[in-house]
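Data block below; observations after.
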Amino acid sequence: MLKVAMIGANLQGRRRGPVIQELPESELVLVTAGHLERAQVLADELQCEASTGWDEAVQRDDIDAVVICTPTHLHLPAALAAIENGKHVLCEKPLGLDVEEAEKIEQAARAAGVILKCGFNHRHHPGLQQAHQWIKDGEIGEVMFARCRYGIGGRPGYENEWRADPKIVGGGHLLEHGIHAIDLFRWFVGDPSQVFGYTNTSFWDMEPLEDNAFALLRTQTGVVFSLHSSLTQWTNLFSYEIYGHEGYIQVEGLGGSYGVEKASLGKRDFTAPFSDQTIQYRGADRSWYEEWREFVAAVQENREPLANGVDGVEALRVVHAIYESAQDGKVVLLSQDQ
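For the sequence shown, our numbering assigns the number 124 to the initial residue and increments by one for each residue that follows.
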């Protein structure tokens, strides 16, 4: 039984806490937050203890793992405190405010020999897992390009939330949502070698943070990825397409307000009527549960988890390269192009 403490009782804590309790192999022992009252409310719902600050969470001998659901500026100190005390860590994305912070967390976990997983729950959506398997199985042949549109419409007062404070979050909507699409591209295809980007603050009063980001990524093998990450997509949208020599894959929806999740596989055949196959995944979003289940399995098996610390670092590296490109108006090289 993995005994767990959760740092943070906000929206992400409310998503992650119940799945910790649901999995038979784990038990949520403690919820901590900056305000004891907030921690106590969630702890009462989940039938566990509550405290303020994270000292107790990282120092108690009966706690094996820590889940970090704080705002981004607290990821580094919370993660390092947990790692220094020998706790396994699942940390919300992004791993840190910048690449340097993320590298410190990843290096500390590796040196301590503890499991570190970055919270890229999209890898655990069934349609996206199916897409990954199709690519791995060679169903669409050599990948040529991919594109993603990922957007939400925000909510009244969004510009006044902590997510609009650059000192707390380190970036705008690209870092909040678009980083998932970048992580998926790395998972599907590999690391980009160069990026180019534009960022705009088109509607929400949140400058210098962006509410829209447009990016082009290119790998050393020539695969190109285009991304539009938007906070002014008034109807929530998720669409991910991958095209290869032999066909294409499209994943649409994430459940809930994004619509039913669907994964489609189409084959190129110039001699027959076009056809494709589509799988629909109805029901509630189970990516949070599947992500947690995989983390617990990684701890039990003492192996690298899906979306590990390196993945957290490299996705953040791409995001900041896009920001650099948007500021300078130039292509940014991430590695020696071939």
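Don't be surprised by glycine CBs; every beta carbon is placed ideally from N, CA and C.
In chain order, Arg341, Val454, Val455, Leu456, Leu457, Asp460 place their CB closer than 7 Å to the CB of Gln317, counting only its own chain and leaving out the 5 sequence neighbours on each side. If only uninterrupted alpha helix (DSSP H) runs of at least 4 residues are considered, those enclosed by the segment 201–241 are 222–235. Boundaries of the alpha helix (DSSP H) harbouring His255: 249–259, taken from the DSSP string. Residue Ile238 holds the alpha-carbon nearest to the alpha-carbon of Val419 among Arg138, Gly432, Ile238. As the crow flies, the alpha-carbon of Gly140 is around 23 Å from that of Leu298. Within the segment 391–426, the runs of beta strand (DSSP E) that reach at least 3 residues and sit entirely inside it are, in chain order, 399–404.
Excluding residues up to 5 positions away in sequence, Ser349, Glu364 lie with their Cβ nearer than 6 Å to the Cβ of Arg270 in the same chain. Distances from the alpha-carbon of Arg405 to those of Glu384, Pro396, Asp167 put Glu384 closest.
DSSP, read as helix, strand or coil, puts Ala132 in coil.
Cβ neighbours of Leu388 within its own chain (closer than 7 Å, five residues either side excluded): Trp257, Glu262, Gly370, Ile372, Asp399, Gln400. DSSP places Ile445 within a helical segment (H, G or I) once states are collapsed to three. Between the C-alpha atoms of Thr322 and Tyr281 there is a straight-line separation of about 18 Å. Taken through DSSP and simplified to helix, strand or coil, Ser380 comes out as helix. With a threshold of 16 other beta carbon atoms within 10 Å, Lys210 meets it and is buried. Sequence-distant Cβ neighbours of Gln253 in its own chain, meaning closer than 6 Å and more than five residues away, are Ala386. Each residue's CA atom was taken as its position, placing Val433 and Ala225 some 9 Å apart.
The Cβ atoms of Ala421 and Cys241 do not sit closer than 8 Å to each other.
Secondary structure remark: continuous beta strand (DSSP E) runs of at least 3 residues inside the segment 132–201, in chain order: 149–156, 172–175, 188–191.
In the three-state DSSP reduction, Arg278 falls in the coil class, being neither helix nor strand. For Arg309, there is no enclosing beta strand (DSSP E); the residue is found in the alpha helix (DSSP H) stretching over 302–311. Its chain contains Val318, Phe319, Gly320, Val454, Val455 as the residues whose beta carbon lies nearer than 7 Å to that of Ser448, once the 5 sequence neighbours on both sides are disregarded; these appear in chain order. Here Gln317 carries a strand assignment [DSSP, helix/strand/coil]. Boundaries of the beta strand (DSSP E) around Val374: 370–375.
In this structure, Leu218 places its C-beta atom within 8 Å of the C-beta atom of His198.
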